[in-house]
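In full-length UniProt numbering, the protein residues as written are 1 to 255. Cβ atoms here follow ideal geometry from the backbone N, Cα and C, with glycine treated the same way. Just so it is clear, the structure is predicted and the values come from calculations on it, not from any experiment. Report on the following structure.
See below:
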């Protein structure tokens, strides 16, 4: 009987210890969330400032709006009195937000190779379904240009492609620059931020394997953004890409 009493007392002691640990953990998490919200509220009280060159670039449209005017009128959360940034409460640290976006998964089921007139080849990663041979398919296709030493495996690429393909039914083609994303470097020609020969060749190649009804759109990140912007400027009215997004973290100025 004494042994039973001892075991009961020991079980109660362990139960209280476990309860204390759980309660302490819950209190710690709640405290961290409250402190993060207080910190974010304090940060949001500071107005976001966007500094730009005195002569703001003008968008080539009928209204001749500057980029600053477009941001103020159409993206008030980025610029102006309503500018703010409120991340998800439980992702209050930049590192946690980075980890969360890296968990997005998307299947890149087919790798193709685009032969180059300048020697070598460029690896292309396609998202499913693989119905690129249909001549009556109007599904939009996004052409992706990654950043320096990147590829289709990058989290910033997949975080864009995941909702676009799963929720909106688009398809995508990621252009892996020469020697990137595990592709074999078969020539002495490399890539750089000013070389547009490969993207021009890839767009021409896609127009031959896709339906004439398929609209092409494009997005470029970092180095790929510079390549895309330069290509569109060179092509001007000849460009077959319907729309483009340039994600460029580094301001590039000349003169």
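| Asked | Found |
| --- | --- |
| Own chain residues within Cβ distance below 7 Å of residue 242, not counting five before or after | 215, 216 and 217 |
| Cβ neighbour criterion (16 or more within 10 Å) applied to residue 29 | exposed |
| Residue 181 versus residue 71: straight-line alpha-carbon distance, rounded | 34 Å |
| Span of the beta strand (DSSP E), counted from its first residue to its last, around residue 158 | Here residue 158 belongs to no beta strand (DSSP E); instead the alpha helix (DSSP H) covers 155-166. |
| Alpha-carbon to alpha-carbon, residue 120 and residue 186 | 5 Å |
| Cα-Cα separation, residue 255 to residue 89 | The pLDDT assigned to residue 255 is 36, lower than 50, so where the model puts this residue is not dependable, and the model offers no usable value. |
| Under 9 Å between C-beta atoms of residue 173 and residue 202 | yes |
| Meets three-Cβ-pair contact criterion under 8 Å: the segment 194-214 and the segment 229-240 | yes |
| Contact check, residue 227 vs residue 199, beta carbons under 9 Å | yes |
| Buried versus exposed call for residue 146 [16 or more other C-beta atoms within 10 Å across all chains shown] | buried |
| DSSP three-state assignment for residue 246, whether helix, strand or coil | strand |
| Neighbour-count burial assignment, residue 141, 16 or more Cβ in a 10 Å radius | buried |
| Per DSSP, cross-strand counterpart(s) of residue 84 | DSSP output for residue 84 lists no bridge partner at all. |
| Secondary structure, alpha helix (DSSP H): runs of 4+ residues fully inside the segment 191-216 | 197-209 |
| Which residues DSSP lists as bridging residue 27, in chain order | Beta-bridge pairing links residue 27 to no other residue. |
| Residues near residue 91 in its chain [Cβ-Cβ closer than 8 Å; skip 5 each side] | 97 and 100 |
| Close beta carbons around residue 123, own chain, < 7 Å, minus the five adjacent residues each side | 111, 113, 176, 181 and 183 |
| Delimiting residues of the beta strand (DSSP E) encompassing residue 226 | First-last for residue 226: 223-235, but that is the alpha helix (DSSP H), not the beta strand (DSSP E). |
| Three-state secondary structure (DSSP) of residue 240 | coil |
| Three-state class that DSSP yields for residue 218 in the structure shown | strand |
| Nonlocal neighbours in the same chain, by C-beta distance under 6 Å from residue 192, ignoring five residues either side | none |
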